[in-house]
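Structure first, commentary second.
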Amino acid sequence: MNGHGLLKGKKGVIFGALNDSSIAWKIAEAVHREGGQFILTNAPVAQRLGGLEELATKTGASIVWADATSDEDLTKLFTEAKTLYGGIDFIVHSIGMGLNVRKNRPYDDLNYEWYKKSLDISAISLHRTIHWANETGALKDGGSVVALSYIGAQRTFSKYSEMGDAKALLESIVRSYGYRLGKRKIRVNTISQSPTMTTAGSGIAGFDAMFKFAERIAPLGNADAESCADYTVSLLSDLTRMVTMQTLFHDGGFSTMGISDELIADLAEVYS
Ligand SMILES: NC(=O)c1ccc[n+]([C@@H]2O[C@H](COP(=O)([O-])OP(=O)(O)OC[C@H]3O[C@@H](n4cnc5c(N)ncnc54)[C@H](O)[C@@H]3O)[C@@H](O)[C@H]2O)c1
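Below you can see the structure in the form of structure tokens.
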């Protein structure tokens with residue numbers, strides 16, 4: 013797809029590109045295509061796992077390593093962003109990690125230290141990010157903050173476990189901070205994305221089944237990472253300047269469906 017210059021002149025910070033299947037990786041490519049400039053950031057431990065340098069070279073981005081649960085790292089990151097750009101117009105928060113989920117601890121037998129860490133990484137980090145972007149004077153009036161969520165924040169998806177709690181908190185932070193930043197015309201939204209084949213996604217037990225279930229129900233099928241990136245571009249652009257405090261479903265229609273003919277046919281076969 014050719015760019016339309018939708019983000020020309022806009023500068024920002026993109027969290028969470030780990031490898032080329034990451035949603036944030038596709039977002040960085042789409043933002044670059046639309047003329048935006050950005051710092052790429054991820055946790056220091058991701059340095060040995062990913063290929064962020066490759067993405068940075070491709071998109072002309074700088075890299076600043078920062079743990080999104082560390083006030084010190086975030087202060088350093090946004091101070092550097094302010095020095096580099098004078099101020100930023102957007103933040104993309106594409107971070108998630110469920111420690112109990114990864115280690116197969118069931119919801120009714122959580123390790124509470126891991127649970128706290130999961131909430132800290134997956135949700136409270138959004139609060140910290142906005143806080144330090146503000147505190148350092150980096151976040152400009154009229155900006156846009158976008159975080160990634162999942163429908164498990166609002167409905168029970170059994171295998172999503174503690175991550176449902178984390179996403180519910182994330183969506184609440186979006187509303188609470190969105191209210192406070194509205195006076196400066198800064199928008200804060202989450203995109204509630206379809207199951208997507210990424211490192212974080214496939215770390216959830218039963219992910220393949222959740223992916224297929226959603227694919228069989230959504231009239232448009234599951235939304236992939238590339239289409240999520242295009243939707244994110246729209247939210248970072250001035251075209252959506254009056255949209256804030258929302259959880260926006262980007263799921264091919266899944267969230268509005270009950271059951272589909274395709275799934276009925278599957279179930280009829282299974283139970284025949
Ligand atoms: N994949 C899906 O099915 C799906 C569906 C809906 C929403 N999401 C959300 O999309 C976002 C991106 O996930 P993804 O699917 O692209 O997977 P991913 O694994 O590529 O991205 C998750 C990122 O979080 C980063 N991260 C973890 N701990 C961190 C920390 N302490 N500090 C900074 N960064 C840290 C990881 O390094 C990684 O880059 C997450 O919020 C995820 O919950 C994913």
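Using the working numbering, the letters of the sequence shown map in sequence onto residues 13 to 284. Even for Gly, the Cβ is constructed at its ideal location relative to N, Cα and C.
Would you kindly work out how many angstroms separate the C-alpha atoms of residue i and residue j, rounded to a whole number?
| i | j | result |
| --- | --- | --- |
| G99 | A150 | 5 Å |
| S134 | Y162 | 12 Å |
| A36 | I276 | 35 Å |
| G28 | L279 | 37 Å |
| D273 | L160 | 29 Å |
| M257 | A178 | 17 Å |
| V76 | S137 | 16 Å |
| Y283 | Y189 | 48 Å |
| K195 | K94 | 21 Å |
| A145 | I271 | 43 Å |
| A55 | A78 | 5 Å |
| M175 | A80 | 17 Å |
| F169 | E227 | 15 Å |
| R192 | S184 | 13 Å |
Excluding sequence positions up to five away, which residues of its chain have a Cβ less than 6 Å from the Cβ of residue i?
| i | result |
| --- | --- |
| K38 | A237, E238 and A241 |
| D121 | none |
| V158 | V104, N201, T244 and L247 |
| R114 | G215 |
Compare the C-alpha of residue i against each of the options and name the closest.
| i | options | result |
| --- | --- | --- |
| Y243 | D32, K20, E46 and F27 | E46 |
| K152 | H16, N14 and V25 | V25 |
| A73 | T91, F90 and Q49 | Q49 |
| S82 | A68, P231, K94 and I142 | I142 |
| H44 | V57, G15 and R60 | G15 |
| S156 | A42, V255 and D273 | V255 |
| L86 | N112, E174, A68 and L52 | L52 |
| S267 | S284, K171, W77 and P231 | P231 |
| K171 | H139, I136, D220 and Y191 | D220 |
| H139 | Q59, R60, F223 and R187 | R187 |
| G264 | L251, S204 and E41 | S204 |
| G154 | S173, S249 and E66 | S249 |
| A235 | H262, Q166 and E125 | H262 |
| G21 | I229, I198, D101 and L131 | D101 |
Which stretch, first to last residue, makes up the alpha helix (DSSP H) that contains residue i?
| i | result |
| --- | --- |
| F90 | D83 to Y97 |
| D250 | Per DSSP, D250 belongs to no alpha helix (DSSP H) and is neither H nor E. |
| K38 | I35 to R45 |
| V186 | E174 to G194 |
| I276 | D273 to V282 |
Just curious, the beta strand (DSSP E) that residue i is in, first and last residue?
| i | result |
| --- | --- |
| A159 | L151 to S161 |
| R199 | R199 to Q205 |
| I103 | I100 to H105 |
| L52 | Q49 to T53 |
| H262 | T259 to H262 |
Going by beta carbon distance, what residues of the same chain come within less than 7 Å of residue i, once the five residues before and after it are set aside?
| i | result |
| --- | --- |
| G17 | E46 and G47 |
| K129 | L111 |
| A217 | N116 and K171 |
Near residue i, what residues of its chain come up, given a Cβ to Cβ distance below 8 Å and the 5 sequence neighbours on each side ignored?
| i | result |
| --- | --- |
| F225 | L275 |
| A42 | E238, A241, D242, T244 and V245 |
| L260 | N201, T202, I203, S204, Y243 and L247 |
| T211 | L30, N31, S33 and S34 |
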